[in-house]
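Heads up, the thing below is written out as structure tokens.
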Amino acid sequence: MAFFVKLIIAVIVIMAASELSKRSVTLAAILLAMPIVLFTSFTIIWEETHDPQIISRLTHETLMFILPVIPFLFLFSWLLKANLNYYLSLSISCIGIALATLIVQKFFH
0 MAFFVKLIIA
10 VIVIMAASEL
20 SKRSVTLAAI
30 LLAMPIVLFT
40 SFTIIWEETH
50 DPQIISRLTH
60 ETLMFILPVI
70 PFLFLFSWLL
80 KANLNYYLSL
90 SISCIGIALA
100 TLIVQKFFH
């Protein structure tokens, strides 16, 4: 049940952002920046376990994966503004995120 709730929420957010971006890029960005799926997942896990340690560890681990993403959002935007191919820009950004995540996990975990 929880799997399908999370799946439905994720699909709704992705579709809403996609449709909203056709009308307002700013509103779509606000929707994507909101941690709707994150907090919904925390709540579902809390209801299943009532274990604050799991939520605490999950919050910490999530932060360790979010931190490397932020600089590469800037890079991705810059590469696209520089008229680099979309898929090449996305690939460079994803590789950068993966490398940065490995570094963060190695030194800050």
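Note that numbering that gives the first Met the number 0 has the sequence shown beginning at 0, numbered continuously upward. Every residue gets a Cβ at the ideal spot worked out from N, C-alpha and C, and that includes glycine.
Asked: Go ahead and pull the three-state DSSP assignment for leucine 83.; Found: coil
Asked: Taking only the alpha-carbon atoms, compute the straight-line gap between valine 36 and lysine 21 and give it to the nearest angstrom.; Found: 22 Å
Asked: Could you compute how far the alpha carbon of valine 12 sits from the alpha carbon of leucine 98?; Found: 27 Å
Asked: Using only alpha-carbon positions, find the residue among Ser88, Thr61 and Asn84 that is nearest to phenylalanine 71.; Found: Ser88
Asked: Roughly how many angstroms separate the alpha carbons of serine 92 and glutamate 60, rounded to a whole number?; Found: 21 Å
Asked: Once you ignore the five residues that flank leucine 19 on each side, which residues in its own chain have a CB closer than 8 Å to its CB?; Found: Leu26, Ala27 and Leu30
Asked: Using a 10 Å radius around the Cβ and a threshold of 16 neighbouring Cβ atoms, would you call phenylalanine 75 buried or exposed?; Found: buried
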